[in-house]
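Position 299 (the sequence shown) corresponds to 300 in my numbering; numbering is contiguous. Only one structure is covered here, and it is reproduced in the block below.
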Amino acid sequence: MNRLAGSASLYLRQHASDPVAWWPWCDEAFAEAAARDVPVLLSCGYSACHWCHVMQRESFADPGTSALIGDRFVAVKVDRGQRPDIDALYMDYVTATTGHGGWPMTVFLTPSRLPLLGGTYFPREPAGRLPAFGDVLAEVARAYAEDRGRLERTSADSLAFLREMAAPKRAGTIDARLVTGAADAVLQASDAAHGGFGEGAKFPRFSLLLFLTAFARLQGDREAAFVTRNALVTMLRGGIHDHVGGGIFRYTVDREWAVPHFEKMLCDNAMLLRTLATAHATEPSEEFALAAARTAAWLEREMRLGNGAFATALAAESGGIERLGQL
């Protein structure tokens, strides 16, 4: 057992038997990194995350990988539900530097907590554009030992960019041309054949649907209204919607909304309710009203805890098998 065994977090306790010498997020971990003059490997996830468990089985439970981590890094494990502040801070960095985010989040830090390099899931063996996790570890360790100045300069540039993004902005009137331009860009990214956005794996993208709903209402834009309602209809009739249990899954692995990734998240289903309600208020739909009622009932039945709070997610897998809990 490592230092995570006594944690209040289920996710951290799930890593207590890893051969990796995990630390929780604490000053002592970074002091250890400074004393050893090594970078910190930060891994952040949550207990219902399928790819977090995959990376654990492939890499963190592997004796060779854990030995490399122990020799060249101080390893810190964070539950994003327990420390959303840490997760949000470094996820902004990962998203800004790679163009995407997700979990598990993998970030390499200096002992002073500055990010050096970030990503999400890394496989055990190279897969497509993803390098093997062992190769990433070896290269970061080499660069930190031999080319630290370049790493730290790149990190400083990224940090300055993030600070600029986070700086308070003076309230003012938004130029209507910016709004129209944004709507045009969103509409161009829509999938006319299958609904939603993009041509690969499909996420609900509720923030875009809410934006288009507001734009359609204010500007009388029929295309924006159609894209929004078409996306909702294809989702509700597709595999991302649980037609038996209720609620929606995280995303589908295909363009056609047919094959879901079986994790269910509270935030997605809350946003589904909001989007359905907004669309129904704009143009009443019996299908949307029924779907909203079924989703609300599922949330009350499956996600509400005994203390009145709601669980944040339902896992995509059970016993190491995705979808087992859904059968």
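Backbone N, C-alpha and C fix where the C-beta goes; we use that ideal spot for every residue, glycine too. Owing to the predicted nature of the structure, the values given are computational and were not obtained by experimental measurement.
Keeping to the same chain, check which residues put their C-beta closer than 7 Å to that of residue i; ignore five residues upstream and five downstream.
i	result
residue 232	196, 197 and 210
residue 17	2, 3, 5 and 6
residue 10	80 and 83
Just checking my contact of residue i with residue j at CB under 8 Å: how many whole Å lie between their CB atoms?
i	j	result
residue 124	residue 200	Their Cβ separation, rounded to whole angstroms, is 23 Å, which puts residue 124 and residue 200 out of contact at 8 Å.
residue 121	residue 137	Not quite, the Cβ-Cβ distance comes to about 12 Å (not below 8 Å), so this is no contact.
residue 70	residue 42	6 Å
residue 1	residue 194	Here the chain covers residues 2 to 328 and nothing more, so residue 1 does not appear.
residue 129	residue 99	In fact, because the Cβ distance is near 14 Å, the residues do not count as touching under 8 Å.
Return yes when the Cβ of residue j is within less than 7 Å of the Cβ of residue i, no when it is not.
i	j	result
residue 61	residue 40	no
residue 1	residue 127	What is shown of the chain runs 2 to 328, which leaves residue 1 out entirely.
residue 246	residue 259	no
residue 24	residue 30	yes
residue 243	residue 163	no
Taking only the alpha-carbon atoms, compute the straight-line gap between residue i and residue j and give it to the nearest angstrom.
i	j	result
residue 50	residue 254	15 Å
residue 311	residue 270	12 Å
residue 83	residue 221	43 Å
residue 206	residue 295	20 Å
residue 289	residue 153	51 Å
residue 182	residue 268	28 Å
residue 281	residue 26	44 Å
residue 141	residue 214	45 Å
residue 172	residue 275	26 Å
residue 135	residue 277	44 Å
residue 316	residue 292	22 Å
residue 15	residue 262	21 Å
residue 188	residue 308	43 Å
residue 149	residue 300	49 Å
residue 248	residue 236	11 Å
CB-CB under 8 Å to residue i, same chain, minus the five flanking residues each way: which ones, in chain order?
i	result
residue 105	44, 45, 46, 50, 52, 53, 56, 121 and 122
residue 133	123, 124, 125, 126 and 127
residue 284	226 and 230
residue 170	none
residue 286	230 and 280
Given residue i, which residues of its chain have a CB within under 6 Å of its CB, disregarding the five upstream and five downstream residues?
i	result
residue 12	47, 48 and 80
residue 204	252
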